[in-house]
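A short write-up of the structure that comes next.
In the numbering used here, the protein residues as written are 160 to 346.
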């Protein structure tokens, strides 16, 4: 089985292999009334697809929509993501914000920052007066880690990740990774 890697090496590991991962903080309170995000102008994609114009006339998204970010995990305590982190509706479940198939536990912390970057583009909280806004200012981000801090993982864990997302109600799966081509199979 060939390892799967994501398509960029711009992100480096911030934790040593085996380092402790942080516990999951409680969901922060929503900022009300909304406060402008100071770095929103730096979010190239938001303006490029006119998301800001849609926000002013239609919707800013909905936390009823669950997007599974299947990647290197998510920094689930990040100030611009924590409010939009998915919370398992089963109150007795240990997998509060998602699952980590590298460590086989319920702390899918990103030790690479690629998954956190992807989660931010999808759903950084908008109107919280901090950082940027994702395309969806309100969404539920399910963190699923199957790629290590070095960006590699196993196909079997990718399949388990997809199964987990579907089983837990994800509406959208974000898979920003790929693998090496199989020279013996041109398909």
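Think of the CB as a built atom: it goes at the ideal place given N, C-alpha and C, for glycine as much as any other residue.
Kindly give me the distance between the Cβ atoms of residue i and residue j, rounded to whole angstroms, as I take these residues to be in contact under 8 angstroms.
i, j, result
"residue 333", "residue 281", "6 angstroms"
"residue 267", "residue 257", "4 angstroms"
"residue 227", "residue 324", "4 angstroms"
"residue 347", "residue 288", "This structure cannot speak to residue 347, because the chain is shown only from 160 to 346."
At the level of alpha carbons, what is the spacing between residue i and residue j?
i, j, result
"residue 221", "residue 326", "20 angstroms"
"residue 177", "residue 233", "Caution is warranted here: a pLDDT of 44 is assigned to residue 177, below 50, making its placement in the model unreliable, and no coordinate value can be reported."
"residue 291", "residue 337", "27 angstroms"
"residue 242", "residue 300", "9 angstroms"
"residue 306", "residue 312", "5 angstroms"
"residue 198", "residue 216", "21 angstroms"
"residue 206", "residue 195", "15 angstroms"
"residue 187", "residue 274", "21 angstroms"
"residue 208", "residue 183", "33 angstroms"
"residue 314", "residue 339", "11 angstroms"
"residue 247", "residue 319", "17 angstroms"
"residue 161", "residue 269", "Its pLDDT being 45, under 50, residue 161 is placed unreliably by the model, and the measurement read from it follows with that caveat. Taking the straight line joining both Cα atoms gives about 22 angstroms."
"residue 322", "residue 310", "20 angstroms"
Does the beta-carbon distance from residue i to residue j come in below 7 angstroms?
i, j, result
"residue 239", "residue 283", "yes"
"residue 211", "residue 277", "no"
"residue 265", "residue 254", "yes"
"residue 236", "residue 181", "yes"
"residue 304", "residue 343", "no"
"residue 185", "residue 286", "no"
"residue 297", "residue 219", "yes"
"residue 330", "residue 225", "yes"
When the cut-off is 7 angstroms and only beta carbons count, does residue i lie next to chain D?
i, result
"residue 295", "Looking at the structure shown, chain D is missing, and only one protein chain is on hand."
Could you name the residues that DSSP lists as bridge partners for residue i?
i, result
"residue 210", "Answer is none; residue 210 lacks a bridge partner."
"residue 321", "Answer is none; residue 321 lacks a bridge partner."
Where in the region 189-258 do unbroken runs of the alpha helix (DSSP H), each at least 4 residues long, occur, reported from the N-terminal end onward? List check, alpha helix (DSSP H) in window: 203-207, 210-216.
In chain order, each beta strand (DSSP E) run of at least 3 residues that lies wholly inside the region 277-324: Secondary structure within the region 277-324: the beta strand (DSSP E) runs of 3 or more consecutive residues, fully enclosed, are 297-304 (chain order).
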